[in-house]
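Residue numbers (our numbering), protein chains in the order written: chain P, 1 to 302; chain L, 303 to 604. Here a beta-carbon is modelled for each residue, glycine too, at the ideal position from N, C-alpha and C. The structure appears below as structure tokens.
Protein chains: 2
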Amino acid sequence: MSLLVVGSVAFDTVQTPYGKAENILGGAATYFSVSASWFAPVRVVAVVGEDFGAKEMEVFSRRGIDTEGLERAAGKTFRWAGEYSGTMNEARTLDTQLNVFETFAPRVPASYASSEYVFLANIHPALQLHVRQQLPGARAVGLDSMNLWIRETPDDLKKVLAVIDILVVNETEARMLSGEMQLWRAAAALRKMGPRIVVIKRGEYGANLFTEGAAFSAPGLPLDEVKDPTGAGDTFAGGFMGHLAKTGDLSESNLRRAVIYGSVMASFAVEDFGLGRLLRLDASQISARYREFQNLTQFDAG
Amino acid sequence: MSLLVVGSVAFDTVQTPYGKAENILGGAATYFSVSASWFAPVRVVAVVGEDFGAKEMEVFSRRGIDTEGLERAAGKTFRWAGEYSGTMNEARTLDTQLNVFETFAPRVPASYASSEYVFLANIHPALQLHVRQQLPGARAVGLDSMNLWIRETPDDLKKVLAVIDILVVNETEARMLSGEMQLWRAAAALRKMGPRIVVIKRGEYGANLFTEGAAFSAPGLPLDEVKDPTGAGDTFAGGFMGHLAKTGDLSESNLRRAVIYGSVMASFAVEDFGLGRLLRLDASQISARYREFQNLTQFDAG
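Structure, rendered in structure tokens:
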């Protein structure tokens with residue numbers, strides 16, 4: 001089934017202990033789309049500037065991503081610069097230039113209206129709600145957010161949380177939004193706000209899934225080489241939602257599989273700068289890494 | 303098979319967001335022993351002062367722990383005071399009084415000499431080596447350490463690492479000791495220093511096991527209530543080594559089970575202050591929680 005994502009497309013400049021990449025294609029909607037494209041047909045709603053050229057467009061077309069919703073506006077594309085050090089668990093933002101993203105008013109093309117799976121990547125919650133309302137027939141709507149909106153626009157955020165199915169946030173955001181320090185309590189509080197499925201991303205520590213009365217924990221894969229964590233969370237969300245859209249199955253066991261596929265995709269994303277590794281994949285590598293997660297977590301009865 | 307532990311016995315004063323406990327029985331050897339006593343016969347080598355009374359002794363005897371190696375010295379027992387806040391992942395030390403622990407020279411009683419499983423809890427690495435040398439027949443020797451010895455006595459630490467089988471450290475220590483930021487690389491570097499089995503404790507995130515060519519990841523259990531994380535790492539080590547001593551089996555699949563039993567015991571430890579929860583256990587609760595870890599981690603083929 002088709003999967004629609006709305007979010008940012010950006011040019012990133014990233015510095016890590018392993019090198020530097022300048023003005024490379026990034027943004028939440030980009031990482032999400034490329035990741036999800038390995039599973040299901042993806043449609044993107046985003047805005048880019050006049051500096052977004054054929055080379056960038058080709059990344060989307062090569063992965064078969066529908067870009068009818070990719071609006072081109074006068075001005076420059078959103079730009080972000082950041083730096084990672086030490087364990088690289090968190091980026092230090094060096095520069096943010098919103099550019100065309102500042103006045104982004106997402107429009108869902110008529111051809112996207114029937115989308116059954118939807119992901120509202122991190123943008124202003126009022127815009128997320130606006131998109132949500134244009135997709136009344138969606139079977140499952142996922143959402144990501146960030147500390148800025150939790151702090152600055154909590155009422156808008158609560159409104160959109162009430163009309164989504166799946167919340168995908170990192171653990172700091174989960175604690176901030178719920179006011180609870182213990183993850184289990186945080187998840188329970190978040191589920192009361194609307195989403196019946198809560199996925200908490202924990203960076204190198206993996207991800208947790210919370211549903212009605214059940215918890216699932218997926219580890220991070222211990223990797224030999226982590227070059228650039230940028231976009232790992234959005235890549236995770238892409239694999240997760242992509243698998244759900246591919247299978248059309250929201251059962252507990254399939255949600256768990258989806259968390260593993262999300263983890264698989266994120267584990268690839270960090271192995272190279274930007275989208276590098278995600279564009280060099282093949283299906284057999286995805287299956288092999290899924291099996292690595294099985295090997296990593298398997299243990300017998302006590 | 304019998305399991306010997308050498309380490310600290312202490313009186314702790316602990317403040318957490320959930321309350322305060324003063325001068326309660328603690329110390330690495332204590333948490334380790336009580337935890338391991340649910341699996342195998344435990345022998346303890348440690349030192350206490352004149353303030354260590356019948357009430358404290360009863361904790362050991364009640365759990366059937368052999369205290370022939372518990373030396374009583376003139377002066378006061380080791381005392382530690384600390385505070386946890388926020389996510390409670392790390393303690394802030396408020397006070398340390400080494401007291402009788404300052405001049406501790408561990409002596410292994412003749413009746414302990416045949417111990418097959420040994421755990422050298424966190425003490426000066428020269429003392430760990432001294433104990434190791436008194437137990438030439440040991441089948442598996444585990445060791446914990448801390449930032450202080452990694453920084454101050456690296457040569458002594460390297461000497462004892464060369465003659466042990468299992469290293470059990472937290473992830474900050476693993477990174478410090480190996481000089482590697484990526485966990486997989488850190489584990490590989492640590493294995494080159496001697497121990498063929500490396501277990502890395504990650505607090506609420508669980509634990510990782512690294513052996514020849516294999517990695518295993520156990521999650522932390524999302525708990526409704528975490529009251530006091532003191533001793534969780536030593537409790538983990540007690541469950542881990544206890545299961546190995548009980549079964550006498552060092553195969554990969556049994557090491558994985560041991561990591562889960564360690565995680566089970568640690569998940570109980572944090573639910574109450576001090577040893578409270580570990581002394582209120584029964585075997586069926588341990589089995590039930592092992593199954594909770596199975597439910598938490600299970601997923602089907604992709």
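Quiz item: How would you call Gln435(L), buried or exposed, if buried means at least 16 neighbouring beta carbons within 10 angstroms?
Solution: Taking the second sequence and counting its residues from 1, one reaches residue 435(L) at position 133. Burial state of Gln435(L) is exposed, judged by a 10 Å Cβ sphere holding fewer than 16 other Cβ atoms.
Quiz prompt | Residue closest to Phe512(L), alpha-carbon to alpha-carbon, out of Ala491(L), Arg579(L), Phe380(L), Glu527(L) | solution = Along the second sequence, read from residue 1 onward, the residue named residue 512(L) stands at position 210. If we check each option's Cα against that of Phe512(L), Ala491(L) comes out closest.
Quiz item: Does any C-beta atom of chain L lie closer than 8 Å to the C-beta of Asn89(P)?
Solution: Position 89 of the first sequence, counted from the first residue, corresponds to residue 89(P). So no, Asn89(P) is outside the interface.
Exercise. Answer with yes or no whether the minimum CB distance from Tyr320(L) to chain P is below 8 Å.
Key: Within the second sequence, numbered from 1, the residue matching residue 320(L) stands at position 18. Chain P, which has no Cβ nearer than 8 Å to the Cβ of Tyr320(L), makes this no.
Quiz item: Going by Cα to Cα distance, which pick from His432(L), Tyr419(L), Lys460(L), Ala323(L) is closest to Gly541(L)?
Solution: The sequence position of residue 541(L) within the second sequence is 239, counting from 1. Among His432(L), Tyr419(L), Lys460(L), Ala323(L), the Cα nearest to that of Gly541(L) is on Tyr419(L).
Quiz item: So which residues of chain P does Trp486(L) contact, with C-beta pairs closer than 8 Å?
Solution: Sequence index remark: in the second sequence, residue 486(L) carries index 184 (1-based). Here the neighbours are Pro222, Leu223, Asp224.
Quiz item: Within 10 angstroms of its Cβ, does Leu581(L) collect 16 or more other Cβ (buried), or is it exposed?
Solution: As a first step, residue 581(L) is located in the second sequence; it is residue number 279 there, counting from the start. Exposed, because fewer than 16 other Cβ atoms sit within 10 Å of the Cβ of Leu581(L).
Quiz item: Would you call Asn401(L) buried or exposed, if buried means 16 or more other Cβ atoms sit within 10 Å of its Cβ?
Solution: Position 99 of the second sequence, counted from the start, is the residue given in the question as residue 401(L). Here Asn401(L) is buried. Its C-beta has 16 or more other C-beta atoms within 10 Å.
Quiz item: Going along chain P in order, which residues have a C-beta closer than 7 Å to the C-beta of Ser519(L)?
Solution: As a first step, residue 519(L) is located in the second sequence; it is residue number 217 there, counting from the start. Under the 7 Å cutoff, chain P gives Pro219, Leu296, Thr297.
Practice problem: Kindly list, in the order they appear in chain L, the residues whose Cβ is closer than 8 Å to that of Tyr300(P). | Solution: Walking along the first sequence from the start, residue 300(P) turns up at place 300. It should be pointed out that residue 300(P) corresponds to Asp in this sequence rather than to Tyr. For Asp300(P), the chain L residues whose Cβ falls inside 8 Å of its Cβ are Ser555, Arg558, Arg559, in order along the chain.
Exercise. Could you name the residues of the same chain whose beta carbon sits closer than 6 Å to that of Thr87(P), not counting the 5 residues immediately before and after it, in chain order?
Key: The sequence position of residue 87(P) within the first sequence is 87, counting from 1. Cβ within range, chain order: n/a, list empty.
Quiz item: Straight-line CA distance for Ser310(L) to Asn170(P)?
Solution: Looking up residue 310(L) in the second sequence gives position 8. Looking up residue 170(P) in the first sequence gives position 170. Rounded to whole angstroms, the gap between the alpha carbons of Ser310(L) and Asn170(P) is 38 Å.
Quiz item: Where do the ends of the alpha helix (DSSP H) carrying Arg579(L) lie?
Solution: Your numbering for residue 579(L) matches position 277 in the second sequence. Element bounds for Arg579(L): 578-581.
Quiz prompt | Contact list for the stretch 74-103 of chain P against chain L, Cβ threshold 7 Å | solution = Within the stretch 74-103 of chain P, the residues whose Cβ lies closer than 7 Å to some Cβ of chain L are Gly86, Thr87, listed in chain order.
Quiz item: What separation, rounded to the nearest whole angstrom, lies between the Cα atoms of Lys158(P) and Ala539(L)?
Solution: On the first sequence, position 158 is the one that residue 158(P) refers to. On the second sequence, position 237 is the one that residue 539(L) refers to. Rounded to whole angstroms, the separation of the alpha carbons of Ala539(L) and Lys158(P) is 43 Å.
Quiz item: If you run the structure through DSSP and keep just helix, strand and coil, what is Thr425(L)?
Solution: Sequence index remark: in the second sequence, residue 425(L) carries index 123 (1-based). The sequence given here has Ile at residue 425(L), not Thr. Ile425(L): coil per DSSP, three-state reduction.
Quiz item: Quick one: complete alpha helix (DSSP H) runs, 4+ long, within the stretch 474-501 of chain L?
Solution: Annotation note: the stretch 474-501 of chain L contains the following uninterrupted alpha helix (DSSP H) runs of length 4 or greater, listed N- to C-terminal: 485-494.
Self-check item: Supposed contact pair Pro524(L) and Ala215(P) - C-beta distance, whole angstroms, cut 8 Å
Solution: By 1-based counting over the first sequence, the position of residue 215(P) is 215. By 1-based counting over the second sequence, the position of residue 524(L) is 222. With a Cβ gap of about 5 Å, Ala215(P) and Pro524(L) count as contacting.
Quiz item: By how many angstroms is the C-alpha of Glu594(L) removed from the C-alpha of Lys192(P)?
Solution: Taking the first sequence and counting its residues from 1, the one referred to as residue 192(P) is at position 192. Taking the second sequence and counting its residues from 1, the one referred to as residue 594(L) is at position 292. Rounded to the nearest angstrom, the two C-alpha atoms are 24 Å apart.
Self-check item: Residues from the stretch 557-582 of chain L in contact with chain P, defined by Cβ distance under 9 Å
Solution: Within the stretch 557-582 of chain L, the residues whose Cβ lies closer than 9 Å to some Cβ of chain P are Arg558, Arg559, Val561, Ile562, Tyr563, Val566, listed in chain order.
Quiz item: Expressed to the nearest angstrom, what Euclidean distance is found between the alpha-carbon atoms of Leu4(P) and Asp467(L)?
Solution: Along the first sequence, read from residue 1 onward, the residue named residue 4(P) stands at position 4. Along the second sequence, read from residue 1 onward, the residue named residue 467(L) stands at position 165. Cα-Cα distance, rounded: 52 Å.
Quiz item: Nearest to Val501(L) by alpha carbon, out of Thr549(L), Arg558(L), Ser416(L)?
Solution: One-based indexing of the second sequence puts residue 501(L) at position 199. For the residues Thr549(L), Arg558(L), Ser416(L), the minimum Cα distance to Val501(L) belongs to Arg558(L).
Quiz item: Taking Cβ to Cβ, would you say Ala28(P) is nearer than 8 Å to Ala121(P)?
Solution: For the purposes of this step, residue 28(P) is identified with residue 28 of the first sequence, where counting begins at 1. For the purposes of this step, residue 121(P) is identified with residue 121 of the first sequence, where counting begins at 1. A contact, by the Cβ cut-off of 8 Å.
Practice problem: Report all residues from its chain with a CB closer than 6 Å to the CB of Ser267(P); omit the five preceding and five following residues, and keep chain order. | Solution: Translated into the one-based positions of the first sequence, residue 267(P) becomes position 267. If we look at Ser267(P) and ignore the five residues flanking it on each side, its Cβ neighbours are Leu221.
Quiz item: Between the stretch 172-204 of chain P and chain L, which residues of the former have CB atoms less than 8 Å from a CB of the latter, in chain order?
Solution: Listed in sequence order: Arg175, Met181, Gln182, Leu183, Trp184, Arg185, Ala187, Arg202, Glu204.
Quiz item: What span of residues does the alpha helix (DSSP H) with Phe293(P) cover, start to end?
Solution: In the first sequence, the residue the question calls residue 293(P) occupies position 293. It spans 283-297 - the alpha helix (DSSP H) in which Phe293(P) sits, taken as one unbroken run.
Quiz item: Which whole-angstrom value is the C-beta distance of Pro219(P) and Ser519(L), which I expect to be below 8 Å?
Solution: As a working note, residue 219(P) is residue 219 in the first sequence. As a working note, residue 519(L) is residue 217 in the second sequence. Yes, they are in contact, since the Cβ atoms of Pro219(P) and Ser519(L) sit about 3 Å apart, within 8 Å.
Quiz item: Quick one, are the C-beta atoms of Arg374(L) and Val350(L) less than 8 Å apart?
Solution: Position 72 of the second sequence holds residue 374(L). Position 48 of the second sequence holds residue 350(L). A contact, by the Cβ cut-off of 8 Å.
Exercise. Kindly list, in the order they appear in chain L, the residues whose Cβ is closer than 7 Å to that of Asn208(P).
Key: Taking the first sequence and counting its residues from 1, one reaches residue 208(P) at position 208. Taking a Cβ-Cβ cut-off of 7 Å, the neighbours of Asn208(P) in chain L comprise Pro524, given in sequence order.
Quiz item: Helix, strand or coil: which one does DSSP assign to Leu221(P)?
Solution: Within the first sequence, the letter at position 221 stands for residue 221(P). Three-state DSSP puts Leu221(P) in coil, outside helix and strand.
Quiz item: What span of residues does the beta strand (DSSP E) with Ser54(P) cover, start to end?
Solution: Residue numbering aside, residue 54(P) sits at position 54 when the first sequence is read from its first letter. According to the sequence shown, residue 54(P) is Ala rather than Ser. Per DSSP, Ala54(P) belongs to no beta strand (DSSP E); it is in the alpha helix (DSSP H), 54-62.
Quiz item: How would you call Gln298(P), buried or exposed, if buried means at least 16 neighbouring beta carbons within 10 angstroms?
Solution: As a working mapping, residue 298(P) is identified with position 298 in the first sequence. Gln298(P) sits exposed, since fewer than 16 C-beta atoms from the chains shown fall within 10 Å of its C-beta.
Practice problem: Inspect the beta-carbon positions of Gly328(L) and Gly533(L) and report whether they are closer than 8 Å. | Solution: Translated into the one-based positions of the second sequence, residue 328(L) becomes position 26. Translated into the one-based positions of the second sequence, residue 533(L) becomes position 231. Yes.
Exercise. Check whether the Cβ atoms of Lys246(P) and Phe60(P) sit closer than 8 Å, and answer yes or no.
Key: Within the first sequence, residue 246(P) is the residue found at index 246, counting from 1. Within the first sequence, residue 60(P) is the residue found at index 60, counting from 1. Contact flag unset, no.
Quiz item: Roughly how many angstroms separate the alpha carbons of Asp397(L) and Ala383(L), rounded to a whole number?
Solution: In the second sequence, residue 397(L) corresponds to position 95, counting from 1. In the second sequence, residue 383(L) corresponds to position 81, counting from 1. Note on geometry: alpha-carbon atoms of Asp397(L) and Ala383(L) lie some 5 Å from one another.
Exercise. With DSSP as the reference, please indicate the residues paired to Arg381(L) in a beta bridge.
Key: Walking along the second sequence from the start, residue 381(L) turns up at place 79. DSSP lists Phe313(L), Gln399(L) as partners of Arg381(L).
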